[in-house]
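First up is the structure itself, then whatever we jot down about it.
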Amino acid sequence: MSSTDPPPAKRQRTDDAPVATRSKLWNDDGNVVLQAVNTQFRVHWKVHWSVLMRDSSVFSDLRGLPQPPGKPLVEGCPIMEISDDPLDVEYLLKALYIPSFHCQKLLPFPVVRALIRLGRKYDFKYLYDSAVARLTTLFPATLKGYDVSYSTIEVYNGLTRDVISFARKNDILSVLPAAYHFLLSHETTIRLFQGAVRNDGTWAVLPPLDLVKCIIGRERLFKTQFQPGYTLGWLRKWDFKDCTSLKPCRKSREAVLASFVDANLQDGLITPESIFARGFLFCSGCRQHIRESTEAGRTKMWQALPSFFDLPAWDELKNGD
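Just so you know, we're using the numbering used here here: the sequence shown kicks off at 520 and counts up by one.
The structure is reproduced here in structure tokens:
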């Protein structure tokens with residue numbers, strides 16, 4: 520070969536091509552193969568159009584699209600490519616084929632995320648609504664719900680941060696006020712910046728926007744909780760005329776105030792029972808006034824909660840979900 524001859528064409532490398540993998544969810548009598556691809560894997564699922572179309576208007580529309588001529592088949596079935604994370608697709612199909620899968624008392628957060636993302640994208644309304652309900656059960660949009668809130672999501676260190684980040688990205692904003700408040704009432708400012716180490720060793724950190732909202736909200740919450748009419752406003756102005764134990768009650772009031780101020784506590788939703796459980800002693804008349812004032816203040820605090828983080832009012836947040 521002369522020095523002027525062009526070099527031979529190089530054979531195209533296939534080393535970096537995604538590796539095809541057959542999922543365990545493979546129905547021999549299926550009539551369509553879903554294919555999801557990421558940078559490392561091409562995953563196939565052999566499923567049924569009837570199952571995909573049952574609760575999804577999007578898949579119903581896709582079913583009617585003609586297949587391009589010459590497109591390869593897998594076991595005689597057409598391939599439908601979808602641009603979703605393979606693990607998300609796996610969770611979605613498990614929910615469709617195994618109803619008990621998404622009805623478990625506790626679900627891992629990655630499953631909840633997948634059902635929300637793909638439930639919205641492909642219009643699986645029931646799966647989407649049930650997954651969103653797990654977020655709003657954990658961080659409700661009502662004070663009554665907040666007082667009895669519990670988790671239907673497997674709890675791990677960093678979950679609240681992950682929920683905040685995911686909820687904002689997916690416009691499920693009604694969970695943010697309660698999630699912000701929960702974080703602020705349990706963590707110091709330093710820990711807010713540091714983040715939390717998940718069980719697998721990775722770090723859960725707040726996105727910059729949410730971190731700023733928490734820092735600003737913390738200062739607003741701390742100041743407001745002591746204002747007249749709010750949860751702890753009674754600590755600043757003692758108007759309980761029927762007090763039968765002036766000195767001990769005044770001393771207890773000062774101790775409650777000091778416990779919040781010295782520790783820089785932001786808990787404007789604290790209950791009267793939680794205050795009494797700390798061992799502060801008040802006469803029966805003062806206890807009744809404290810209970811009434813605190814409950815009324817909590818209601819007012821809850822109504823104002825979104826505003827501390829520059830979020831819309833509750834009704835708008837709930838309608839936006």
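Where is the CB? At the ideal position from N, CA and C, for every residue including glycine.
From what residue to what residue does the beta strand (DSSP E) around residue i run?
i	result
Leu553	551-556
Cys596	596-601
Opposite residue i in the DSSP bridges: which residues?
i	result
Phe643	Ser575
Trp564	Leu553
Thr540	Val562
Trp833	Beta-bridge pairing links Trp833 to no other residue.
Ala652	For Ala652, which the question treats as bridged, DSSP gives no partner whatsoever.
Ile672	Leu626
Val593	Cys596
Trp722	Val716
For residue i and residue j, what's the separation of their Cα atoms in angstroms?
i	j	result
Gly664	Ser619	26 angstroms
Ser575	Asp642	5 angstroms
Gly595	Ser602	22 angstroms
Tyr749	His808	13 angstroms
Val631	Val562	21 angstroms
Lys565	Leu571	11 angstroms
Leu800	Asp758	17 angstroms
Ser649	Ile691	13 angstroms
Leu544	Val682	29 angstroms
Pro605	Leu634	13 angstroms
Ala823	Tyr699	13 angstroms
Thr818	Lys624	30 angstroms
Ala832	Pro696	10 angstroms
Ala715	Met599	39 angstroms
Arg769	Leu728	42 angstroms
Ser542	Tyr610	12 angstroms
Glu738	Ile672	30 angstroms
Gly549	Ser569	10 angstroms
Val551	Leu581	12 angstroms
Pro825	Asp781	26 angstroms
Ser670	Thr656	7 angstroms
Thr721	Gly677	10 angstroms
Ile735	Thr708	11 angstroms
Thr646	Leu615	The sequence shown places Leu at residue 646, rather than the Thr named in the question. Going by the C-alpha atoms only, they are around 9 angstroms apart.
Leu592	Gln554	12 angstroms
His567	Asn689	29 angstroms
Arg830	Lys640	In the sequence as displayed, the identity of residue 830 is Leu instead of Arg. Cα to Cα, Leu830 sits roughly 26 angstroms from Lys640.
Would you kindly report the start and end of the unbroken alpha helix (DSSP H) that includes residue i?
i	result
Glu738	727-743
Phe827	803-827
Phe701	695-705
Pro618	618-621
Pro767	765-782
Asp666	662-666
Check residue i in the structure and name its three-state DSSP category.
i	result
Trp545	strand
Leu788	coil
Ile683	helix
Ala528	Residue placement at Ala528 cannot be trusted, given a pLDDT of 44 that sits under 50; the coordinates are not used to answer.
Val716	strand
Leu751	coil
Lys688	helix
Phe759	coil
Pro659	coil
Gly798	coil
Pro605	helix
Asp580	helix
Gly839	helix
Gly677	coil
Can you tell me the Cβ-Cβ gap for residue i and residue j, rounded? I've got them flagged as a contact below 8 angstroms.
i	j	result
Leu836	Ser693	4 angstroms
Leu725	Arg680	5 angstroms
Asp761	Gly804	4 angstroms
Leu740	Phe827	5 angstroms
Trp753	Ser812	4 angstroms
Cys733	Leu703	6 angstroms
Leu654	Trp821	Not confirmed; about 18 angstroms, so no contact.
Is residue i close to the ligand ADP? I mean its beta-carbon at under 6 angstroms from any heavy atom of the ligand.
i	result
Arg806	Judged by which ligands are present, the structure shown has none, so any question about the ligand ADP falls away.
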